[in-house]
Amino acid sequence: MNRIDFTHNTQAAEVIAAHYDSPPLAFVHSYGCQQNVNDGEKIKGVLVDAGYGLCDKFEDADLILFNTCAVREHAEERVFGNVGALKQLKAKNPRLIIGICGCMTQQEGVVERLRKSYPFVDLVFGVNGIDTLPQLLAEKMGAGKRLLKTPTQRYDVVEQIPIQRDSTFRAWLPIMYGCDNFCSYCIVPYVRGRERSRKSQDILAEFRQLIEQGYKEITLLGQNVNSYGKGLEETIDFADLLEQLCQQPGDYHIRFMTSHPKDATKKLIDTMAKYPQLCNHLHLPVQSGSNRILKEMNRHYTVEQYMELINYAKEKIPGITFSSDIIVGFPGETEEEFEQTLDLISKVEYMQLFTFIYSKRTGTRAAEMPDPFTHKDKTNRMARLLKTQEEIASRLAKGMIGKQCRVLVEGHSRQPGTLAGRLDNNLVVEFAGDAALIGSYTTVNIEDARVTMLKGSLQA
Ligand code: SAH
Ligand code: SF4
Ligand code: F3S
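Printed below as a string of structure tokens:
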């Protein structure tokens with residue numbers, strides 16, 4: 246791992262300034278996971294550092310950047326649709342620069358498709374090029390022709406990248422990049438490259454800065470946070486890192502994702518139990534309740550091992566809630582195997598599930614596996630899964646009625662005059678309150694529950 250610091254590129258900023266008559270505006274939109282959203286915040290930071298202003302409407306922009314996701318086919322097609330719609334804008338404003346970056350562009354086929362069928366796309370660059378964006382823009386402006394980078398991998402960890410965060414009280418804090426797990430269905434290791442951990446002192450420095458800036462909720466990010474520390478010179482694991490962070494004084498709480506069950510340890514659960522700053526919520530994606538399917542998925546744990554950890558957490562952390570990702574219709578998943586997933590869900594009693602119908606990703610191992618079940622079979626299974634989950638979540642949420650809970654007020658809720666606050670256990674409560682409370686902690690009495698949305702009132 247090679248660690249480098251971001252440096253401001255004066256020359257590139259001058260080329261960019263000279264290209265426009267007035268200070269230019271950029272519109273950046275991120276798709277996909279929190280890692281990508283955090284990358285989008287850095288892209289905005291780098292653009293501001295290079296002299297751009299930011300705008301919320303792409304119609305106002307001199308530079309449009311789509312920061313894309315490749316995890317499922319649907320995600321990719323949505324991007325192609327949205328990119329296609331920009332053609333008209335380019336016809337009106339030939340100086341407009343349209344760029345595509347992020348996970349999709351790490352695939353050769355995607356760059357080819359953009360090259361051939363989307364001639365109005367000027368700039369394409371991969372997930373590891375954020376710090377070089379001003380140079381790329383200057384190069385594109387100088388050359389006056391398209392600049393479509395073919396995918397490359399780069400293993401530098403770049404620190405001190407300027408950032409424009411979307412929120413003033415909730416922050417993403419990546420602790421590692423990439424993924425080495427190669428789950429057989431997943432494109433992420435191919436597009437994000439090998440796993441690299443940040444040095445703990447860099448993470449700590451950013452963490453302290455966030456607390457000083459008044460951030461209340463800090464979510465640590467990594468595709469598998471439990472393998473944090475591998476490859477570093479220092480000897481440290483994820484639980485040790487949490488310990489270090491929790492030593493920092495201040496009024497904040499910490500979440501993290503994603504915990505891969507194969508590397509989640511009892512030590513991690515013990516650390517969660519020890520520190521009140523660590524939320525009583527664990528996102529532990531199981532993907533399937535069948536040992537055969539888990540093996541085919543290359544997940545490296547069994548249902549029994551998974552349940553042991555869940556039961557340990559239930560015992561050590563009263564009131565803990567769990568969430569998970571589930572894939573329905575993995576190639577060859579039988580009715581019986583699907584029912585094992587339903588069974589597991591009922592045993593764990595998840596508060597939330599993120600459910601996906603299997604999507605074939607070219608280049609992954611599962612893409613070569615026979616897939617005899619129809620899409621209709623899979624959507625039927627999905628409907629059954631959602632029904633089972635709704636019953637579980639409703640029951641759990643009802644159990645919250647009568648409790649007094651500290652919440653972080655996140656914003657306005659659906660009903661006019663109401664706010665939404667997030668509990669430690671990741672549930673959301675709607676209550677009447679003044680908008681001035683947004684971004685601070687308050688206490689709410691929980692009075693009602695509809696599926697996973699709680700209703701309550703401010704404690705007098
Ligand atoms: N690193 C995280 C998740 C990354 S992707 C983890 O291991 O849990 C987020 C979720 O997308 C995955 O957990 C999985 O449920 C889903 N997913 C990934 N590839 C998929 C595919 N090809 N089809 C359907 N769902 C997929
Ligand atoms: Fe994909 Fe598996 Fe890595 Fe998660 S751990 S990103 S599912 S390969
Ligand atoms: Fe998507 Fe890339 Fe995240 S593929 S889920 S944006 S790591």
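Just so you know, this note's numbering puts 260 at position 15 of the sequence shown, and the rest follows in order with no gaps. Every residue gets a Cβ at the ideal spot worked out from N, C-alpha and C, and that includes glycine. The structure displayed is predicted, hence computed values, not measured ones.
Judged by DSSP in its simplified three-state form, residue 469 adopts coil rather than helix or strand.
By the C-beta density criterion, residue 631 is exposed, having fewer than 16 other C-beta atoms within 10 angstroms. Per the C-alpha coordinates, the member of 346, 387 and 375 positioned closest to residue 368 is 346. The three-state secondary structure of residue 296, taken from DSSP, is coil. Apart from sequence neighbours up to five positions away, the residues of its chain that approach residue 527 with a beta-carbon distance below 7 Å are 504, 558, 565 and 567, ordered along the chain. Burial state of residue 362 is exposed, judged by a 10 Å Cβ sphere holding fewer than 16 other Cβ atoms. Around ligand 2, the residues selected by a Cβ distance under 7 Å to any of its heavy atoms are 424, 426, 427, 428, 431, 433, 434, 468, 469, 503 and 505, following chain order. Secondary structure within the segment 259-293: the beta strand (DSSP E) runs of 3 or more consecutive residues, fully enclosed, are 270-275 (chain order).
Looking at 364, 317 and 351, the one whose alpha-carbon comes closest to that of residue 333 is 364. Per DSSP, residue 515 is one residue of the alpha helix (DSSP H) stretching across 511-519. Residue nearest to residue 662 within the set 671, 625, 702 and 672 is 702 (criterion: CA-CA distance). Look at residue 246 here: in three-state DSSP terms it is coil, with no helix or strand label. Rounded to whole angstroms, the gap between the alpha carbons of residue 252 and residue 277 is 28 Å.
For residue 296 against residue 261, the beta-carbon gap comes to about 5 Å, under 8 Å, which counts as contact. The C-alpha of residue 704 is placed about 45 Å away from the C-alpha of residue 431.
Here residue 570 carries a strand assignment [DSSP, helix/strand/coil].
For residue 491, the enclosing alpha helix (DSSP H) covers residues 483-491. Boundaries cannot be given for residue 406, as no beta strand (DSSP E) includes it and DSSP labels it neither H nor E.
In the three-state reduction of the DSSP assignment, residue 421 falls in the strand class.
In the three-state DSSP reduction, residue 352 falls in the coil class, being neither helix nor strand.
Excluding residues up to 5 positions away in sequence, 507 lie with their Cβ nearer than 7 Å to the Cβ of residue 545 in the same chain. With respect to the C-alpha of residue 415, the residue from 500, 433 and 373 having the closest C-alpha is 500. Residue range 498-502 is occupied by the beta strand (DSSP E) that includes residue 502.
Around the beta carbon of residue 669, a 10 Å sphere encloses 16 or more other beta carbons of the protein chains shown; the residue is thus reported as buried.
In this structure, the C-beta of residue 651 stays at least 7 Å away from each heavy atom of ligand 1. Taking the Cα positions, residue 693 is about 47 Å away from residue 480.
About 6 Å separates the Cβ atoms of residue 285 and residue 273, confirming a contact at the 8 Å cut-off. Going by beta carbons, residue 502 and residue 547 fall outside the 8 Å limit.
The Cβ atoms of residue 471 and residue 509 lie closer than 8 Å to each other. Residue 532 and residue 467 have their C-alpha atoms spaced approximately 18 Å apart.
The beta carbon of residue 648 lies closer than 6 Å to those of 691 in the same chain, with the five residues before and after it left out.
DSSP places residue 318 within a helical segment (H, G or I) once states are collapsed to three.
By the criterion of a C-beta distance shorter than 8 Å, residue 348 is surrounded in its chain by 277, 281, 313, 314, 315, 316, 372, 432, 433, 436 and 437, once the five residues flanking it on both sides are discounted. The beta-bridge partner set that DSSP reports for residue 674 consists of 666 and 699.
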